[in-house]
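Novice:
Numbering (the numbering used here), first residue to last: 610 to 861.
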């Protein structure tokens with residue numbers, strides 16, 4: 610069974626973060642190894658200041674991970690630039706073929722998930738990243754480029770590529786109209802179309818998508834096919850999303 614290292618934060622509502630990642634890994638039939646990068650207290654409309662894992666605790670978790678043979682890594686919430694450095698050092702000493710980075714900067718409920726939320730915070734990690742999966746607002750914050758056209762996306766992807774990242778998936782699910790994603794790989798842009806599932810607010814879609822892709826890559830699927838199949842599976846899961854509170858948001 611393929612093994613997937615997941616590094617992300619804990620969301621007690623289970624709508625996002627590690628809980629969502631683990632459900633996605635289970636859906637794909639891969640074996641996850643879970644490292645908690647930060648604790649948060651959040652729900653669908655409320656966020657308390659995150660509590661990044663102290664360096665010695667993160668380092669201890671990474672030390673245990675050295676004894677495993679991972680086929681891919683999924684990285685979500687990082688919390689601080691210090692966390693980025695620790696993970697980068699671990700990857701330098703423990704190479705993994707596929708690393709998917711979901712550069713979450715802010716939660717849906719308004720919390721800051723990376724401080725400072727800038728490209729400079731991520732630069733130590735980018736040489737190890739196979740695929741980065743920003744949404745359109747994250748792309749603008751990280752690169753200074755608003756990705757309105759495919760030309761804009763190519764320029765933004767080239768910013769990441771200059772720091773070593775091999776591919777970029779621009780997530781379009783939060784835009785109006787059809788939820789089309791755009792994959793930049795080998796210097797070209799490919800549109801990956803999806804289906805809009807009602808108007809409901811579903812949490813954790815970005816977590817799920819990046820974990821599904823990482824699992825696909827771990828199983829040997831090629832990049833474009835992995836992104837397409839992951840989006841299809843995510844759409845199916847969204848059709849089965851369920852509400853767990855009296856508010857409007859649903860979880861997968």
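Heads up, the beta-carbon is just placed ideally off N, CA and C, and yes, glycines get one too.
These figures come from a predicted structure and were not determined experimentally.
Whole angstroms is fine: what's the gap from residue 799's alpha carbon to residue 755's?
Specialist: Residue 799 and residue 755: Cα-Cα distance of roughly 18 Å.
Novice: Apart from the five residues just before and just after residue 765, which ones in its own chain have a Cβ nearer than 6 Å to its Cβ?
Specialist: Here the set comprises 748, 752, 754 and 756.
Novice: Can you name the start and end residues of the beta strand (DSSP E) that residue 648 belongs to?
Specialist: Per DSSP, residue 648 belongs to the beta strand (DSSP E) from 640-651.
Novice: Can you tell me which of the three DSSP states residue 794 falls into?
Specialist: Three-state DSSP puts residue 794 in a strand.
Novice: Between the Cα of residue 736 and the Cα atoms of 760, 768 and 780, which residue gives the shortest distance?
Specialist: Taking only the C-alpha atoms, the option nearest residue 736 is 768.
Novice: Is the Cβ-Cβ distance between residue 776 and residue 739 less than 8 Å?
Specialist: Taking 8 Å as the Cβ cut-off, residue 776 and residue 739 qualify as a contacting pair.
Novice: Buried or exposed: residue 680, going by 16 or more other Cβ atoms within 10 Å of its Cβ?
Specialist: Buried, since its Cβ has 16 or more Cβ neighbours within 10 Å.
Novice: With three or more C-beta pairs closer than 8 Å as the rule, is the region 670-685 touching the region 786-798?
Specialist: They do not touch, by the three-pair rule.
Novice: Rounded to the nearest angstrom, what separates residue 788 and residue 802 at their Cα positions?
Specialist: One C-alpha to the other measures close to 7 Å.
Novice: Please give me, in chain order, every unbroken run of the alpha helix (DSSP H) with length at least 4 that falls completely inside the region 696-768.
Specialist: List check, alpha helix (DSSP H) in window: 728-731 and 745-752.
Novice: So, for residue 688: in the same chain, excluding its five sequence neighbours on each side, which residues have a beta-carbon less than 8 Å away from its beta-carbon?
Specialist: Cβ within range, chain order: 618, 646, 647, 659, 661, 662, 722, 723 and 724.
Novice: If we ignore side chains and look at the alpha-carbon of each, how far apart do residue 791 and residue 759 end up?
Specialist: The straight-line gap from Cα to Cα measures roughly 8 Å.
Novice: Distance check for residue 640 and residue 750, CA to CA, integer angstroms please.
Specialist: The straight-line gap from Cα to Cα measures roughly 33 Å.
Novice: Using the rule of at least 16 other Cβ atoms within 10 Å of the residue's Cβ for burial, across every protein chain shown, is residue 867 buried or exposed?
Specialist: No statement about residue 867 is possible, as the shown extent of the chain runs from 610 to 861 and does not include it.
Novice: Below 8 Å CB to CB, which residues in the same chain sit around residue 814 once its five sequence neighbours on both sides are set aside?
Specialist: So the list reads 782, 843, 847 and 861, once near-sequence residues are dropped.
Novice: What would DSSP say about residue 837, mapped onto helix, strand or coil?
Specialist: Helix at residue 837.
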